[in-house]
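Enquirer: My numbering applies: residue 29 is where the sequence shown begins, and numbers increase by one. Each residue gets a CB set at the ideal place from its N, CA and C atoms; glycine is no exception. Bear in mind that the values here come from a model prediction, so they are computed numbers and not experimental data. A single structure is presented below for examination.
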Amino acid sequence: MVRAASSPNSKGMRTVSDVVEVVITAPDADWLAEFARMLLDERLCAGGHSIERVRSLYRWQGDIHDKAEARIALHTRSVHVDAIISLANARHPYDVPCVVAWPIELGNPDYLAWVMAETRSS
């Protein structure tokens with residue numbers, strides 16, 4: 029198994045800059061699961077955790093909305109974030125889909141290595 033570039037911190041965890049969590053929301057859990065499967069097939073993410081119903085409150089075109097949505101948190105390499113955003117922009121049912129990412133700074137080194145091994149390098 030390929031190890032992610034990492035260094036131990038004072039708690040024995042590993043710091044990894046290449047692994048990120050990408051969160052996407054959508055109005056339909058099935059659409060979001062299908063989108064995630066496509067990303068998995070393309071090796072743009074290693075896996076994800078889906079929540080079928082979250083309550084979203086947001087302002088859109090001057091109105092405040094309070095709606096149910098689905099949410100998924102995907103684990104991948106930072107190099108794939110731009111591709112995931114582009115695919116979401118092209119296929120998502122919303123005009124402006126929520127796709128946000130942040131680095132995974134600490135974690136189980138075996139899990140982080142698995143994310144690196146299960147995603148393509150570029």
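In three-state DSSP terms, what is Met29?
Expert: Looking up residue 29 in the sequence shown gives position 1. Bear in mind that a pLDDT of 30 at Met29, under 50, signals an unreliable position, so the number given afterwards is only what the model happens to contain. Coil, per DSSP.
Enquirer: From Glu49 to Tyr86, what distance separates their C-alpha atoms?
Expert: Translated into positions along the sequence shown, residue 49 becomes position 21. Translated into positions along the sequence shown, residue 86 becomes position 58. In a straight line, the C-alpha of Glu49 is about 22 Å away from that of Tyr86.
Enquirer: Please work out which residues of its chain come closer than 7 Å, Cβ to Cβ, to Glu80, disregarding the five sequence neighbours upstream and downstream, and give them in chain order.
Expert: Reading the sequence shown from its first residue, position 52 is the one you call residue 80. Ala57, Ala98.
Enquirer: Buried or exposed: Arg105, going by 16 or more other Cβ atoms within 10 Å of its Cβ?
Expert: Within the sequence shown, residue 105 is the residue found at index 77, counting from 1. Buried is the call here.
Enquirer: Could you confirm whether any beta carbon from chain C is found closer than 8 Å to the beta carbon of Val82?
Expert: Included in the structure is just one protein chain, with no chain C present.
Enquirer: Hey, Pro125 and Pro55: beta-carbon distance below 8 Å or not?
Expert: The residue you call residue 125 lines up with position 97 of the sequence shown. The residue you call residue 55 lines up with position 27 of the sequence shown. It is not a contact, given that the beta carbons lie outside the stated cut-off.
Enquirer: So is Val143 buried or exposed if we call it buried at 16+ other beta carbons inside 10 Å?
Expert: Taking the sequence shown and counting its residues from 1, the one referred to as residue 143 is at position 115. The residue in question, Val143, is buried, as its Cβ has 16 or more Cβ neighbours within 10 Å.
Enquirer: Which of helix, strand or coil does DSSP assign to Ser34?
Expert: Translated into positions along the sequence shown, residue 34 becomes position 6. In this prediction, Ser34 scores a pLDDT of 49, lower than 50, which makes its location untrustworthy; no coordinate-derived value is stated.
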